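In order, the protein sequence lines correspond to chains A and B.
Okay, so the first sequence: first residue is 2 according to this note's numbering, each after it adds one.
Okay, so the second sequence: first residue is 6 according to this note's numbering, each after it adds one.
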Amino acid sequence: QWDEPRVCSRRYLKVDFADIGWNEWIISPKAFDAYYCAGACEFPMPKVVRPSNHATIQSIVRAVGVVPGVPGPCCVPDKMSSLGVLFLDESRNVVLKVYPNMSVETCACR
Amino acid sequence: SHTAPAWSAASDGLRGDEDPQPSPGDATAALGPGAQDMVAVHMLRLYEKYSRRGARPGAGNTVRSFRARLDVVDQKAVYVFNLTSMQDSEMILTATFHFYLEPQRRWPPARGLAAGPPARPHLLLRSLPHNAATQGLLRAALALAPPPPPRGLWQARDISAVVQAARRDGELLLSAQLDPGDKSPGLHRPGAHAPYILVYANDLAISEPNSVAVTLQRYDPFQTGDPEPRPAPNGSSDPRVRRAAAQASGPLHDNELPGLHERRAPAVAHGPRHHKHELWPGPLRALRPRPGRRDRRRKGPELFAASAASSQVLDFDEKTMQKARRR
Chain A
2 QWDEPRVCSR RYLKVDFADI GWNEWIISPK AFDAYYCAGA CEFPMPKVVR
52 PSNHATIQSI VRAVGVVPGV PGPCCVPDKM SSLGVLFLDE SRNVVLKVYP
102 NMSVETCACR
Chain B
6 SHTAPAWSAA SDGLRGDEDP QPSPGDATAA LGPGAQDMVA VHMLRLYEKY
56 SRRGARPGAG NTVRSFRARL DVVDQKAVYV FNLTSMQDSE MILTATFHFY
106 LEPQRRWPPA RGLAAGPPAR PHLLLRSLPH NAATQGLLRA ALALAPPPPP
156 RGLWQARDIS AVVQAARRDG ELLLSAQLDP GDKSPGLHRP GAHAPYILVY
206 ANDLAISEPN SVAVTLQRYD PFQTGDPEPR PAPNGSSDPR VRRAAAQASG
256 PLHDNELPGL HERRAPAVAH GPRHHKHELW PGPLRALRPR PGRRDRRRKG
306 PELFAASAAS SQVLDFDEKT MQKARRR
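Here it is in structure tokens:
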């Protein structure tokens, strides 16, 4: 993903449950598109990073340098979606749970 | 000996679905050879339904299935369900008991008896206290309607009140027994026709941080080669608390601005690296060379009006920015 923009944005990440050792009890899905957020939130921030008002102020304060030690805003998930997971519990009964905030839909500087 | 099962009108979330009925063979293939039964098919179907965007299982977020263990008590088949794996944070919304019932024709009256209306079978649900040899407390006796011949039928009954009461009393072992009302063999159904329970719940803890690891991570990923015992994964938020406490006196947690002696020369502002049309206009304009006073006087109001009309973003206070830069 070297060609992807340096600015804060959503990057593709497919998580295979086998890679983290959970595949023994997760029935479905075997994998899902989780995505992740990465990139800079430097001044001046483009519209696409959807900074909060606080992030805008923090970015300016950092750029001006009037308060030392203030970092730039962070590139974090903004809107997320849930994921239903079918798995075996420790009694080997089948359980379905819909977990919130499992997949990134949009990223933002916050 | 039965073809595709028919589902009852009970609230099992299946009847009336728009989804095509999956073939059990296809569905259970995902579960492996050890789980090819109707509960697996049912759960896979629910998974497909609730994996759609925005769909929630009965306004909750959890469906638990419970397979039965077959016991024989007084020569009668009794199915025992262990519901103890339900979490305290899971608020029960609905519970359904699913079972396969043979048609009445399979249970003819004894020879010599007058042919009357067939006795209605009853489903007896009891809660069993732990380590008790008693039959348990009778929680419900549900009258059943056997299906017409020639095929048996999967049915479901709402047992929400039974499960909720059993949980309230801390008796999460439930037994199910069919009282057929005659000499029929009862509820004994081997293999794929064994009864099961579904509990629809709303897990209040699922919105907590790392809830996915609480239920799905079953080992400590850092355990290998580490002799130090670690706390159970996500068992508590202690590490987070400790880390916050360790830094509580640090400057970053101090809400006061640093003193003048701490001030240094302003850091180099990060130059714009983006195309003009991608940027928020306010901050960018604040750090750009400004037009001469005369130009501003001449064009200012028009420019400002045009900018305010076209811009959909905050207009940063230039004076504030200038003051900040001077400081």
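In this text, a Cβ means the ideal position worked out from N, Cα and C, and glycines have one as well.
Computed from a predicted structure; not experimentally measured.
{"Asked": "Chain-ordered chain A contacts of ILE211 of chain B [CB-CB under 9 Å]", "Found": "LYS98, VAL99, TYR100 and PRO101"}
{"Asked": "Limits of the alpha helix (DSSP H) - the one that ASN54 of chain A falls within", "Found": "54-65"}
{"Asked": "ARG173 of chain B (DSSP reduced to helix, strand or coil)", "Found": "helix"}
{"Asked": "Min CB distance THR101 of chain B to chain A below 9 Å", "Found": "no"}
{"Asked": "Three-state class that DSSP yields for LEU143 of chain B in the structure shown", "Found": "strand"}
{"Asked": "Straight-line Cα distance separating THR67 of chain B from ASP174 of chain B", "Found": "22 Å"}
{"Asked": "N-terminal and C-terminal residue of the beta strand (DSSP E) that SER104 of chain A is part of", "Found": "95-110"}
{"Asked": "Beta-carbon gap between CYS108 of chain A and VAL50 of chain A smaller than 9 Å", "Found": "yes"}
{"Asked": "Candidates B:THR220, B:ARG331 and B:TYR224: closest to VAL86 of chain A by CA position", "Found": "B:THR220"}
{"Asked": "C-beta contact flag for MET103 of chain A and ALA35 of chain A at 9 Å", "Found": "yes"}
{"Asked": "Neighbouring residues, chain B, relative to VAL95 of chain A (Cβ below 7 Å)", "Found": "VAL44, ALA45, MET48 and SER70"}
{"Asked": "Three-way DSSP call (helix, strand, coil) for LEU51 of chain B in this model", "Found": "helix"}
{"Asked": "Whole-angstrom distance between SER132 of chain B and ALA166 of chain B, CA atom to CA atom", "Found": "12 Å"}
{"Asked": "DSSP-derived helix/strand/coil call for ILE21 of chain A", "Found": "helix"}
{"Asked": "Any 3 or more C-beta pairs closer than 8 Å across the region 79-96 of chain B and the region 193-213 of chain B", "Found": "yes"}
{"Asked": "9 Å Cβ cutoff, PRO208 of chain B in contact with chain A", "Found": "This sequence places Asp at residue 208 of chain B; Pro is not what is there. So yes, ASP208 of chain B belongs to the interface."}
{"Asked": "Under 9 Å between C-beta atoms of LEU128 of chain B and ALA181 of chain B", "Found": "yes"}
{"Asked": "GLY85 of chain A: contacting residues in chain B (beta-carbon distance under 7 Å)", "Found": "TYR52, TYR55 and SER56"}
{"Asked": "Burial state of ASP231 of chain B (16 or more Cβ within 10 Å)", "Found": "Its pLDDT being 46, under 50, ASP231 of chain B is placed unreliably in this model, and the value from its coordinates should be taken loosely. Exposed: under 16 other Cβ atoms inside 10 Å."}
{"Asked": "is_contact[VAL217 of chain B, chain A] using C-beta, thresh 9 Å", "Found": "yes"}
{"Asked": "Short CB-CB distance (under 9 Å) between SER29 of chain A and chain B", "Found": "yes"}
{"Asked": "Pairwise C-alpha distance: GLN222 of chain B and GLU213 of chain B", "Found": "15 Å"}
{"Asked": "Contacting residues, own chain, Cβ-Cβ under 8 Å from SER60 of chain A (five flanking each side not counted)", "Found": "CYS42, GLU43, PHE44, PRO45, MET46, PRO52, GLY73, PRO74 and CYS110"}
{"Asked": "Inter-residue Cα distance where the pair is ALA145 of chain B and LEU130 of chain B", "Found": "5 Å"}
{"Asked": "Contact list for SER53 of chain A against chain B, beta-carbon separation under 9 Å", "Found": "Within 9 Å Cβ-Cβ: nothing; SER53 of chain A doesn't reach chain B, min ~11 Å."}
{"Asked": "Cβ neighbour criterion (16 or more within 10 Å) applied to GLU176 of chain B", "Found": "buried"}
{"Asked": "Cβ neighbours of SER82 of chain A in the same chain (closer than 6 Å, five flanking residues each side left out)", "Found": "SER104 and GLU106"}
{"Asked": "Any C-beta of chain A under 9 Å from that of PRO62 of chain B", "Found": "yes"}
{"Asked": "First and last residue of the uninterrupted beta strand (DSSP E) at THR99 of chain B", "Found": "95-106"}
{"Asked": "Local Cβ density within 10 Å of VAL100 of chain A, reported as buried at 16 or more and exposed below that", "Found": "Looking at the sequence shown, residue 100 of chain A is not Val but Tyr. Buried, because 16 or more other Cβ atoms sit within 10 Å of the Cβ of TYR100 of chain A."}
{"Asked": "Residues that ARG330 of chain B contacts on chain A, provided the C-beta gap is smaller than 9 Å", "Found": "VAL65 and VAL67"}
{"Asked": "Alpha carbon of PHE18 of chain A to alpha carbon of CYS9 of chain A, nearest angstrom", "Found": "26 Å"}
{"Asked": "Best match in A:ARG12, A:TYR13 and A:VAL95 for proximity to ARG69 of chain B [C-alpha to C-alpha]", "Found": "A:VAL95"}
{"Asked": "Cβ pair ASP208 of chain B, MET96 of chain B closer than 9 Å", "Found": "yes"}
{"Asked": "Simplified DSSP assignment, three categories, for ARG74 of chain B", "Found": "strand"}
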